[in-house]
Each structure stands twice: as C-alpha cells, then as structure tokens.
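> Numbering (our numbering), first residue to last: 11 to 100.
The beta carbon of each residue, even a glycine, is placed where N, CA and C say it ideally should be.
Predicted model only: the values in this text are computed from it and were never measured.
Right, I'll just put the structure down here and ask away after.
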C-alpha cells in the first residue's frame with residue numbers, strides 16, 4: 011500500500027505506508043519528504059494524494075492547506091510524523 015502525491019497532474023512523490031518507515035534513516039527520509047510537501051502547501055499549491063493507485067481500492071485526498079495536511083498525516087498516514095511538518099529532521 012502506498013500514496014502518490016500530485017501537484018496538478020504531475021507526480022511529485024511516492025511514499026509507502028508509514029509502517030514501513032520504522033528505522034531512523036528511513037523515518038528521516040519520510041519526515042523530510044512530508045516537510046517538503048508541507049512547504050509546497052504553504053506556498054499555495056494544492057496537493058492531491060492518491061492511495062493505492064491502480065489497485066482495487068483507491069482513495070483520493072485533496073489537500074489545500076497545512077491544517078488538512080497535518081490531519082491527513084495524523085489520521086490517514088497513521089501519525090508519528092506530524093511533529094516534524096514545520097521543521098523537518100536534520
């Protein structure tokens with residue numbers, strides 16, 4: 011299971027399910043990519059996230075602001091990354 015992130019019709023990122031990012035280096039990779047998406051949203055971009063693209067069950071989320079993105083990270087992406095949306099991880 012995974013999530014494809016789009017800006018208009020251009021794919022900008024693919025992330026696996028959050029449970030696959032359980033070691034520090036991979037967690038950091040995910041955190042920093044989510045931070046970059048959050049920055050794009052802050053700059054006025056609308057992000058479309060498609061869950062399980064090409065599978066039998068597909069769901070699309072349209073994210074227009076950082077509050078909705080944080081909620082998506084907490085509720086849909088199973089949390090753990092939302093504390094880093096504003097700062098990333100060094």
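Helix, strand or coil for residue 88, going by three-state DSSP, please let me know.
Residue numbering aside, residue 88 sits at position 78 when the chain shown is read from its first letter. Residue 88: coil per DSSP, three-state reduction.
> Enumerate in chain order the residues of its own chain whose CB-to-CB distance from residue 43 is below 8 angstroms, with the five nearest sequence positions on each side excluded.
Along the chain shown, one-based indexing puts residue 43 at 33. Here the set comprises 23, 25.
> Give me, in chain order, the residues of the same chain whose beta-carbon lies closer than 7 angstroms to that of residue 38; leave out the 5 immediate sequence neighbours on both sides.
As a first step, residue 38 is located in the chain shown; it is residue number 28 there, counting from the start. Cβ neighbours of residue 38 beyond the five flanking positions: 99.
> Helix, strand or coil for residue 61? Go by DSSP, reduced to three states.
Walking along the chain shown from the start, residue 61 turns up at place 51. Reduced to three states, the DSSP call for residue 61 is strand.
> Looking only at its chain, what residues have a beta carbon closer than 7 angstroms to the beta carbon of residue 51, apart from the 5 residues adjacent to it on each side?
Locating residue 51 in the chain shown gives position 41, counting from the first residue. The residues are 57, 73, 75, 76, 79.
> Name, in chain order, the residues that DSSP records as bridge partners for residue 2.
It is not possible to answer for residue 2, since the shown part of the chain is limited to 11 through 100.
> Below 6 angstroms CB to CB, which residues in the same chain sit around residue 5 once its five sequence neighbours on both sides are set aside?
What is shown of the chain runs 11 to 100, which leaves residue 5 out entirely.
> For residue 72, which residues does DSSP report across the bridge?
Position 62 of the chain shown holds residue 72. Looking at the DSSP assignment, residue 72 forms a beta bridge with 58.
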